[in-house]
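So for the sequence shown, my numbering puts the first residue at 14; every next one is plus one. Beta carbons are placed, not taken as given, at the ideal position from N, Cα and C, and that holds for glycine.
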Amino acid sequence: MRRSNTFKLCPTKEQEQELFRRANACACMWNQLSYQRRQSFFNGQMDWNTDDAYHHYKKLIGSASAQQIIRKNNEAWKSFFALLKQKKARILPSHIHRIRPPGYWKDRRTGKRKLKYLVRCDNYCLSITKLTLPFKLKLKWKGSNKWRGKQGRLEISYDELTGQWYAFMPVEVEPPHQPQGTKKAYVDLGVKVPIMAMIDDTTQVFGYRANSILAEWWYWNYKLAKHESLLKTTNDAHTSKELRWLYRKRKRRFRDVINKVVNDFVVRCWSQGVSEIVLGELTNIRDSAQFSKKLNSMIHLFWSHRYLVTRIKEKAEEYGITVREIDEQGTSSVCPRCAAKRVVRKGRLFNCLRCRLEAHRDAVGCVNIRLAQGDHLAAGVINRAVARPSFLTIEV
Ligand SMILES: [Zn+2]
Numbered sequence: 014m015r016r017s018n019t020f021k022l023c024p025t026k027e028q029e030q031e032l033f034r035r036a037n038a039c040a041c042m043w044n045q046l047s048y049q050r051r052q053s054f055f056n057g058q059m060d061w062n063t064d065d066a067y068h069h070y071k072k073l074i075g076s077a078s079a080q081q082i083i084r085k086n087n088e089a090w091k092s093f094f095a096l097l098k099q100k101k102a103r104i105l106p107s108h109i110h111r112i113r114p115p116g117y118w119k120d121r122r123t124g125k126r127k128l129k130y131l132v133r134c135d136n137y138c139l140s141i142t143k144l145t146l147p148f149k150l151k152l153k154w155k156g157s158n159k160w161r162g163k164q165g166r167l168e169i170s171y172d173e174l175t176g177q178w179y180a181f182m183p184v185e186v187e188p189p190h191q192p193q194g195t196k197k198a199y200v201d202l203g204v205k206v207p208i209m210a211m212i213d214d215t216t217q218v219f220g221y222r223a224n225s226i227l228a229e230w231w232y233w234n235y236k237l238a239k240h241e242s243l244l245k246t247t248n249d250a251h252t253s254k255e256l257r258w259l260y261r262k263r264k265r266r267f268r269d270v271i272n273k274v275v276n277d278f279v280v281r282c283w284s285q286g287v288s289e290i291v292l293g294e295l296t297n298i299r300d301s302a303q304f305s306k307k308l309n310s311m312i313h314l315f316w317s318h319r320y321l322v323t324r325i326k327e328k329a330e331e332y333g334i335t336v337r338e339i340d341e342q343g344t345s346s347v348c349p350r351c352a353a354k355r356v357v358r359k360g361r362l363f364n365c366l367r368c369r370l371e372a373h374r375d376a377v378g379c380v381n382i383r384l385a386q387g388d389h390l391a392a393g394v395i396n397r398a399v400a401r402p403s404f405l406t407i408e409v
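Spelled out as structure tokens, the structure:
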């Protein structure tokens, strides 16, 4: 599996100038390639030729880095064409809505170049205190070298907001843990309850409440809106450094909490002998009609569920657990006991109009996912499971 170590770089003034120079050249080269390829793509005839760019930029950044830029650009275009193919065959993953050809290394808000410097895997060396780059550039670094393994292409980038340089070092590693059993965990994802799960051989549904995340989400939204309107009225501007800070902070806080929830969940699954996690579709999100239309659209826009899914997959991989996504239509609107579709959902309550089952709404989804996977549960088990899900709290 692939993981990445992140370091903060501490260059001296001269070293920083050199980093600026190299990263700027890299960005120019990337943008030139992208421009040429985009133009030729829109004209209907792909121009893959990279000789001009290569010969021009190898003098500035070295031939190895120039090759890496070409390679990365090739990779971006290849995955773009692969997506186009999938779209044609109608097998595009449901979370992808728009496919765009690879763009430029440019910040859309500020119009400035995104400064990145690529270094080939065998062209750099990390020691305890220093990172040695081509042309004898030795930089001090900070951070933790968490993952050990075969190193990949190093990516150094400049963070405009903090004025810092960061290095991302991809590493190929073996999963540190192996599953301890062959059980499955059935998971329903949502907004108010990000993870709701049930594990084979148990009758208990458990989940994590997102009240604190939601509260904080609204808090940051409020702050953002206030700042945005202030910007507009006082400067007639749409963006500022502070605003970009706020956006970043909101994202970080959200990701932080999600990570804690996911960690706890995956470790819990692993310790109970789970080897496969079955993820249902995001039923609760589409059902989150309790929010107003505006808030609902905000959730769809910003509440990155893809992030949650990705994190579950990554964390599970570290424990040797596989993750399978299934598309179960309407798992939260069918009665798990009698399969009737005539149900009432009010607040957190779920009521079946045929068999009078009374359930906790969030628990219904994952019980249904388990049933859809061919597990037969006695009516008594279903009753117990959906009546009293247990909620775990995460310290944030
Ligand atoms: Zn029923």
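Tyr-260 sits in a helix when the DSSP states are folded into three classes. Ranked by Cα distance from Arg-122, the options Leu-256, Glu-331 and Phe-404 are led by Leu-256.
In the three-state DSSP reduction, Gln-193 falls in the coil class, being neither helix nor strand. Leu-150 and Val-184 have their C-alpha atoms some 22 Å from each other. Residue pairing from DSSP places Gln-177 in a beta bridge opposite Asp-172.
Contact between the segment 148-162 and the segment 113-130 is absent, with fewer than three C-beta pairs closer than 8 Å.
Neighbourhood of ligand 1, defined by CB distance below 6 Å to any of its heavy atoms: Cys-348, Arg-350, Cys-351, Ala-353, Cys-365, Arg-367, Cys-368 and Leu-370, in chain order. Under DSSP, the beta-bridge partners assigned to Phe-404 are Gly-220. In the three-state DSSP reduction, Asp-213 falls in the coil class, being neither helix nor strand. In the structure shown, Met-59 adopts coil according to DSSP, grouped into three states. With 16 or more other Cβ atoms from the protein chains shown falling within 10 Å of its own Cβ, Gln-81 counts as buried. Counting only runs of at least 4 residues, the segment 60-107 fully encloses the following alpha helix (DSSP H) elements, listed from N- to C-terminal order: 64-74 and 76-101. For a cut-off of 8 Å, the C-beta gap from Thr-406 to Gly-378 is around 20 Å, too long to register as a contact.
With distances taken between CA atoms, Tyr-232 lies nearest to Tyr-260 out of Gln-386, Tyr-260 and Arg-222.
Out of His-69, His-318, Ser-78 and Arg-51, the CA that lies nearest to the CA of Trp-61 is found in Arg-51.
Sequence-distant partners of Asn-37 (beyond 5 residues in either direction) whose C-beta falls short of 7 Å from its own C-beta, in its chain, are Arg-126 and Leu-128.
About 18 Å separates the beta carbons of Leu-292 and Val-347, which is beyond the 8 Å limit, so they are not a contact pair. Counting other Cβ atoms within 10 Å of its Cβ, Val-394 stays below 16 and is therefore classed as exposed. Between Ala-353 and Cys-368, the CB-CB gap stays under 8 Å.
For Ile-208, the three-state secondary structure derived from DSSP is strand. Secondary structure of Val-322 (DSSP, three-state): helix. When the Cα atoms are used, His-373 and Ser-170 turn out to be separated by approximately 47 Å. In terms of Cα proximity to Glu-289, the closest of Ala-400, Thr-195, Leu-370 and Ala-228 is Thr-195.
For His-373, the three-state secondary structure derived from DSSP is strand.
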